[in-house]
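Q: To convert a position in the sequence shown, counted from 1, into my numbering, add 789.
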Amino acid sequence: MIFFFVSLLIFCATVALYFSLLLRKREQSTQKLKERVGVAKPVQGEWAPLAVERDERLSAIPAIDRVLRGLAIARRLELLLYQAGMSIRVGSFLLLIALLGITGFIVGIGVFHKALHGVVFMLVLGFIPFIIVRHRRGVRQQQFSEEFPDALDLLVSALRAGISFSAALQVVSEESPEPVRSEFAILVEEQTLGLELRDALTNMTNRVPSLDLKFFATAVTLQRSTGGNLTEVLENTSRLIRDRFRILGDVKTFTAAGRLTGMILSALPLGMCVLMLMGAPEYFRLMWDHPTGRSILGMAFMLQFLGWLAIRRIVDVKV
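#1: Grouping DSSP H, G and I as helix and E and B as strand, with all else coil, what is N992?
#2: Comparing alpha-carbon positions, which option in L869, L1075 and L1023 lies nearest Q930?
#3: Can you tell me the Cα-Cα spacing of E1021 and D942, whole angstroms?
#4: So S1111 and V977 are in contact, right, with Cβ under 8 Å, and what is the actual spacing, rounded?
#5: Roughly how many angstroms lie between the CA atoms of S934 and R865, to the nearest whole one?
#6: Where does the unbroken alpha helix (DSSP H) through T1010 begin, and where does it stop?
#7: State the Cα-Cα distance for the pair V841 and G983, rounded to the nearest angstrom.
#8: Looking only at its own chain, which residues have a Cβ that is under 7 Å from the Cβ of V828, when we skip the five neighbours before and after it?
#9: Pick from A956, L948 and V997: whose alpha carbon is nearest that of S971?
#10: Using the C-alpha atoms, what's the distance from T1042 back to D939?
#11: Rounded to the nearest angstrom, how far is the Cβ of F894 from that of F916, given a contact under 8 Å?
#12: Between the alpha carbons of L912 and T892, how many angstroms are there, rounded?
#13: Let me check understanding here. Comparing Cα to Cα, which of E867, L884, A873 and D1001 lies closest to I850?
#14: Note down, in chain order, each residue of its chain lying with its Cβ closer than 8 Å to the Cβ of T994, except the 5 sequence neighbours on either side.
#15: Please classify G834 as buried or exposed, where buried requires at least 16 neighbouring CB atoms within 10 angstroms.
#16: Leaving aside the five residues before and after I1103 along the sequence, list all residues of the same chain whose C-beta is less than 8 Å from its C-beta, in chain order.
#17: Where does I886 sit, in a helix, a strand or coil, going by DSSP?
#18: Taking buried to mean at least 16 other C-beta atoms within 10 Å of its own C-beta, is V1063 buried or exposed?
#19: Drop a sphere of 10 angstroms on the beta-carbon of G1038, count the other beta-carbons inside from all chains shown, and report buried for 16 or more, exposed for fewer.
#20: Using only alpha-carbon positions, find the residue among M1088, F919 and A904 that is nearest to Q872.
#21: Do you know whose CA, among R949, L860, A1045 and G890, lies nearest E1024's CA?
#22: K1139 by DSSP, collapsed to three states: which one?
In structure tokens:
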């Protein structure tokens, strides 16, 4: 038991150290930004060169950065972190996964005294950052999907006002909420730097895996190639996206019972364990103290997790 608390203390200290370093780095970046946008002081002599290129390093350590650049999975992780709206580097993210995995292995060995349990704890804790990033990416994509029809309506209104398509995109990048604003701002910036509209839209669809955005990019590209009334095309696209959202709402209504069943079945074993610990701790202690009981608990947890995944896949209807 002492070894468990020591391992837990090491874990908490590791996480606290990591986030303190991350916070310190962010404060340094904020201080540099304040210095750049602050009141300019008269400088005598030559002007110091100012770096205007975007920092695309995958790690702050040059050797690790060179290694990560040769790995395709590092680029996929970079895109995943961007889609989640997180500014952390790929190297720091992998370091966090490694620290949590090592801590999980130590905790598993200390509690169960078996290497297999240590590996299981290592995999579970190691996947926690990845699960958090996937969740944040889903939240950001949901926000984009909810705000995108309004952005199309704003684009149509700007076109009806008589301004050009590029200026209308600029209006959307300034007036829309996040994350639509930032994505359209990148689109406008790429066009300003000389990139073709087709390529800029392709880059946008690669950054945001949204079916509605693909509808928009396809409609604009076809209109640019074949001609036609762009305002009418965008109005029809906006109507199509809103109809899709309405159907998606109906599907969520029809699958509400299944989702509620999954939540209840997932929480029921945990609730029973809590009641047994409160009502009959001696009866449940055998499951924790005996090696066979711990193995049964581990197998039950894995089966419960697989059942939750199966129910979630069943009720997750794509529209």
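Where is the CB? At the ideal position from N, CA and C, for every residue including glycine.
A: According to the structure data:
#1: As a working mapping, residue 992 is identified with position 203 in the sequence shown. Reduced to three states, the DSSP call for N992 is helix.
#2: Residue 930 sits at position 141 when you count from the first residue of the sequence shown. Measuring from the Cα of Q930, the nearest candidate turns out to be L869.
#3: If you number the sequence shown from 1, residue 1021 lands on position 232. If you number the sequence shown from 1, residue 942 lands on position 153. Approximately 11 Å between the Cα atoms of the pair.
#4: The structure shown does not extend to residue 1111, since the chain is modelled only from 790 to 1108, so the question has no answer here.
#5: One-based indexing of the sequence shown puts residue 934 at position 145. One-based indexing of the sequence shown puts residue 865 at position 76. Approximately 22 Å between the Cα atoms of the pair.
#6: If you number the sequence shown from 1, residue 1010 lands on position 221. Run containing T1010: L1000 to T1015, per the alpha helix (DSSP H) assignment.
#7: Stepping through the sequence shown from its first residue, residue 841 is reached at position 52. Stepping through the sequence shown from its first residue, residue 983 is reached at position 194. Below a pLDDT of 50, predicted positions are generally treated as unreliable, and V841, at 47, falls in that range; the measurement from the model is reported next regardless. Each residue's alpha carbon lies about 17 Å from the other.
#8: Taking the sequence shown and counting its residues from 1, the one referred to as residue 828 is at position 39. Note that V828 scores 42 on pLDDT, short of 50, meaning its location in the model is unreliable; the coordinates nonetheless yield the value given after this. Non-local C-beta neighbours of V828 in its own chain, meaning closer than 7 Å and more than five positions away in sequence, are absent.
#9: Residue mapping note: residue 971 aligns to position 182 of the sequence shown, counting from 1. For the options A956, L948 and V997, the alpha carbon positioned closest to that of S971 is the one of V997.
#10: Within the sequence shown, numbered from 1, the residue matching residue 939 stands at position 150. Within the sequence shown, numbered from 1, the residue matching residue 1042 stands at position 253. In this structure, the alpha-carbon of D939 lies about 24 Å from that of T1042.
#11: Taking the sequence shown and counting its residues from 1, one reaches residue 894 at position 105. Taking the sequence shown and counting its residues from 1, one reaches residue 916 at position 127. About 13 Å; that fails the 8 Å criterion.
#12: Indexing the sequence shown from 1 puts residue 912 at position 123. Indexing the sequence shown from 1 puts residue 892 at position 103. Distance between L912 and T892, taken at the CA atoms: about 10 Å.
#13: As a first step, residue 850 is located in the sequence shown; it is residue number 61 there, counting from the start. Out of E867, L884, A873 and D1001, L884 has the C-alpha closest to the C-alpha of I850.
#14: Against the sequence shown, residue 994 aligns to sequence position 205. Contacts found: L1002, K1003 and A1006.
#15: By 1-based counting over the sequence shown, the position of residue 834 is 45. Here the model assigns G834 a pLDDT of 46, short of 50, so the residue's position is not dependable, and the following value carries that caveat. When all chains shown are included, G834 counts as exposed.
#16: In the sequence shown, residue 1103 corresponds to position 314, counting from 1. Closer than 8 Å at Cβ, skipping near neighbours: G1047.
#17: For the purposes of this step, residue 886 is identified with residue 97 of the sequence shown, where counting begins at 1. Residue state, collapsed to three classes: helix.
#18: Residue numbering aside, residue 1063 sits at position 274 when the sequence shown is read from its first letter. Its Cβ having fewer than 16 others within 10 Å, V1063 is exposed.
#19: Residue mapping note: residue 1038 aligns to position 249 of the sequence shown, counting from 1. Of the residues assessed, G1038 falls on the exposed side of the cut-off, its CB having fewer than 16 other CB atoms within 10 angstroms.
#20: As a working note, residue 872 is residue 83 in the sequence shown. Proximity to Q872 across M1088, F919 and A904 peaks at F919, based on C-alpha coordinates.
#21: Taking the first residue of the sequence shown as 1, we reach residue 1024 at position 235. Per the C-alpha coordinates, the member of R949, L860, A1045 and G890 positioned closest to E1024 is R949.
#22: Because the chain in this structure spans residues 790 to 1108, residue 1139 falls outside the shown range and cannot be described.
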